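Quick note on the UniProt record's numbering: the sequence shown kicks off at 1 and runs consecutively.
All C-beta atoms in this analysis are idealised placements derived from N, C-alpha and C, irrespective of residue type, glycine included.
As the structure is a computational prediction, the values presented were derived from the model and not from experiment.
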Amino acid sequence: MDQINHTGLISGMNEIAQLEASVKAAQKMVGAATMQMDPEAIKNAENAINDAKALMSLTSNTGFDQDFLTKQQQLIDQCQHQLSEAKH
């Protein structure tokens, strides 16, 4: 997808949809990485978590529904915990 230069958003998606898609991608990548235990898959999952965190920090002060943001943060935290547990 093309990025909109002045906002950095993926065209066709608003910030809420972009955050939600990022969190879902992180969940899927963490799930695959913990099943495969492949170092590259684990690194990609870590990157997906970091991307979701970065989007979360950009949207946390923009007036979004706080319940939605709390839920997305919980999902990110779960991803990070699952990946951390798998690595040990």
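Cα-Cα separation between residue i and residue j, rounded to whole angstroms
i, j, result
"Q27", "F68", "16 Å"
"I42", "A54", "18 Å"
"T70", "D38", "30 Å"
"A32", "Q74", "19 Å"
"V30", "C79", "6 Å"
"A86", "A25", "18 Å"
For residue i, the three-state DSSP class (helix, strand or coil)
i, result
"M56", "helix"
"H88", "coil"
"D51", "helix"
"D65", "coil"
Counted within 10 angstroms of its Cβ, other Cβ atoms place residue i as buried (16 or more) or exposed
i, result
"H88", "exposed"
"A17", "exposed"
"Q72", "buried"
"S22", "buried"
"E40", "exposed"
"L83", "buried"
Extent of the continuous alpha helix (DSSP H) run through residue i
i, result
"M35", "E15 to Q36"
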